[in-house]
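Engineer: Here the numbering used here is used: the first residue of the sequence shown is 673, the next is one more, and so on.
Cβ coordinates follow ideal geometry from the N, Cα and C atoms, glycine included.
Take a look at the following structure, please.
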Amino acid sequence: MNRNVNENPKEYDVIMGCDTVIVLDGEIIGKPRDNDDAKRTLKRSGIASSLSSRTHEVFTGVALIDANSCELFHERTSVKFGTIPDDVIEQYVRSGEPLGRAGSYGIQAAGAMFVESIDGCFYNVVGLPAHQVAKRLWLRATKPH
């Protein structure tokens, strides 16, 4: 990719990088290492009855880079979980869905059943704050060169 950018700068006007984490009680929680880590994360983040009705924050950091600049920004969304029994956590983790997802759940898939409410951008929780990215790309595209 780097070689292509250098050889064909017009073909790669903007490169985007992003990552998503959740924050609960000041602790940053990323993607689980394995199924056991996913279970611990889900129970810690409010799905188990002992921690039910908890709210956590989802942050996605985004970098938009071109030949002349690097724009950094983030989006924040609050997510509140309802009460979900431990046996549901077990079944959900066995499905494999939590792996590779910040906070060990996918709001756009079966993990939606855990969500009581959100305050903010749904797509941020999915992993890309689409409106904010599009708005910034539109501004770049219409900016005089």
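Check whether the Cβ atoms of A774 and I687 sit closer than 8 Å, and answer yes or no.
Structural biologist: Mapped onto the sequence shown, residue 774 falls at position 102. Mapped onto the sequence shown, residue 687 falls at position 15. Cβ atoms of A774 and I687: not closer than 8 Å.
Engineer: Output needed for E788: all residues of its chain with C-beta closer than 8 Å, excluding positions within five of it in sequence on either side, in chain order.
Structural biologist: Mapped onto the sequence shown, residue 788 falls at position 116. Closer than 8 Å at the Cβ level, and outside the excluded window around E788, lie S725, K752, F753, G754.
Engineer: Assign D838 to one of three DSSP states: helix, strand, or coil.
Structural biologist: The structure shown does not extend to residue 838, since the chain spans only 673 to 817, so no value can be given for it.
Engineer: How many Å lie between T727 and V798 at the Cα?
Structural biologist: For the purposes of this step, residue 727 is identified with residue 55 of the sequence shown, where counting begins at 1. For the purposes of this step, residue 798 is identified with residue 126 of the sequence shown, where counting begins at 1. Roughly 17 Å separates the two Cα atoms.
Engineer: For K711, count the other beta carbons within 10 Å of its own beta carbon; 16 or more makes it buried, fewer makes it exposed. Which is it?
Structural biologist: As a working note, residue 711 is residue 39 in the sequence shown. By the 10 Å Cβ count, K711 comes out buried.
Engineer: Between which two residues does the beta strand (DSSP E) carrying T749 extend?
Structural biologist: Counted from its first residue, the sequence shown places residue 749 at position 77. Looking at the DSSP string, the run of the beta strand (DSSP E) that includes T749 is 742-753.
Engineer: Across which residues does DSSP place E699 in a beta bridge pair?
Structural biologist: Against the sequence shown, residue 699 aligns to sequence position 27. According to DSSP, E699 bridges with L696.
Engineer: If we ignore side chains and look at the alpha-carbon of each, how far apart do T692 and D759 end up?
Structural biologist: By 1-based counting over the sequence shown, the position of residue 692 is 20. By 1-based counting over the sequence shown, the position of residue 759 is 87. Between T692 and D759, the C-alpha separation is close to 27 Å.
Engineer: Ignoring anything shorter than 3 residues or poking outside the stretch 778-810, list the beta strand (DSSP E) runs there in chain order.
Structural biologist: Those beta strand (DSSP E) runs which fall completely within the stretch 778-810 and span 3+ residues are 787-791.
Engineer: I737 lies in the alpha helix (DSSP H); which residues open and close that run?
Structural biologist: In the sequence shown, the residue the question calls residue 737 occupies position 65. Not the alpha helix (DSSP H): I737 falls in the beta strand (DSSP E), residues 727-737.
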